[in-house]
Each structure stands twice: as C-alpha cells, then as structure tokens.
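Numbering (my numbering), first residue to last: 107 to 279.
Note sheet for the following structure.
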Amino acid sequence: MDLKKYQKSYFDVIEQRYSCRSFTADKITTEELEALLKAASLAPTAVNAQPQKIYVVENPTLLEKMKEATKYLFDAKTVIVVCHNPKESWHRKYDNKDHGEIDSTIVATHILLAATAMNLGSCYVCSFKEDILKFILDIPQEYVVNCIIPIGYPKNIGVHGPRKEFDETIIMK
Ligand SMILES: Cc1cc2nc3c(=O)[nH]c(=O)nc-3n(C[C@H](O)[C@H](O)[C@H](O)COP(=O)(O)O)c2cc1C
C-alpha cells in the first residue's frame, strides 16, 4: 500500500474537505478502500491502544437495512462505521475517563482527510440510532459507535461550510 501516490498537499486537503452528501452510483475501488484503511490505521491513539473497530459495509442488503438506523447514508456504496471497544481503550487513572471516543474521532478524521486526498467524498455522520445499527451490523453491545462515514465519488464538487470568525473560537492569553 503506497500512500505516496496521492500527492495533494496537506493544506489543499484541509481546504478541500467538505461534507459530501451526494455520490455517483459507482463504488470506490479496493485500492482506494485499502488506502483509507491504511490512513485510519496510522491515526494516533492514547497509549497506542488502537481500540478502534472499523466496520466496512458494501453489501447492498445491509446498506439498505442501515436506512432504518440513519437517513444520512446518501446512497453511498461504501459506508464505514467507526467504533471502539472500551475494554481495549485507555482509561485515565485519575478519573477513569475512557479516551476511546477521542481515539475513534481521530481515526475517523484520518479517513475523511484521506478521502479528500484521493478526490473522494465523505461525510462525518452522528445522527443514527446506535441500538438499531448495532443489531443490523452485529456489532457487540459493549462497543461504542462513534460515527458513520458514507464514502464515494462526489456527484458535484462542493465546498466546506462557513466558519466563525477567529475571535469567536480562539482565545489568546
Ligand atoms: C460530530 C459530527 C457529527 C455530524 N453529524 C452529521 C450528520 O448526522 N448528518 C450530516 O449530514 N452531517 C453531519 N456532520 C457534518 C457537519 O454538518 C459538517 O461538518 C458541518 O456542517 C461543516 O460542514 P463541512 O464539513 O462541509 O465543513 C457531522 C459532523 C461532525 C463533526
């Protein structure tokens, strides 16, 4: 798996990423999927625990059933569901805080940015019914589902949403 063939610069990727909600009917290639999963595997995780459990759904019957759990699949032919297993994630000693959701958020972000680097569209989706999703995909009860990421070739190239002014989000001390 050679990620170097995707030559887009970091800041081009950052600027070009947007939430894509409309895809062509084509499924991404196995090579593209493998590059996304490689990028996911390179995400940092607390104490390098790598508690993520990544479900890749391409089975049309399952994709159809998943509509019972979310309306935000946008007919993508590849859908990635990022979860973590709290039995494998780092829990901070001080207050037992589970850092698995932070880990899986970073994993998901790697996937989104890698998708943009490959000119694929993707969207971070959290509006879903976790219990129904777990049932459909046979995800163990103890796993925590972080997000659903529909992925495909964008129907039209979009742009990211507007951002707040720095003085609303950045506090200089
Ligand atoms: C934690 C999180 C949850 C989100 N959930 C959804 C969702 O359920 N459905 C959806 O269409 N977009 C969802 N989004 C995408 C956001 O709406 C989007 O990132 C935001 O509007 C900014 O647009 P941009 O990604 O194009 O910059 C989510 C994004 C994040 C980070």
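Glycine included, every Cβ here is placed at the ideal spot set by N, Cα and C.
Small disclaimer: the values here were computed from a predicted structure and weren't measured.
Inset, instruction - For D204, name the three-state secondary structure that DSSP assigns. - result: strand
Inset, instruction - Look at the alpha carbon of Q158 and the alpha carbon of Y124, and state the distance between them as a whole number of angstroms. - result: 24 Å
Legend entry - E236 to N262 span [Cα, whole Å]: 30 Å
Legend entry - DSSP beta-bridge partners of Q158: H190
Inset, instruction - Just tell me which of I276, N154, Y230 has its CA closest to the CA of H66. - result: Absent from the structure is residue 66, since the part of the chain shown begins at 107 and ends at 279.
Legend entry - Residues with C-beta closer than 5 Å to any heavy atom of ligand 3, in chain order: For the structure depicted, ligand 3 is absent and the ligand set comprises only ligand 1.
Legend entry - Cβ pair W196, H190 closer than 8 Å: no
Legend entry - Proximal residues to K114 (C-beta, below 7 Å), its chain only, five neighbours per side dropped: A223
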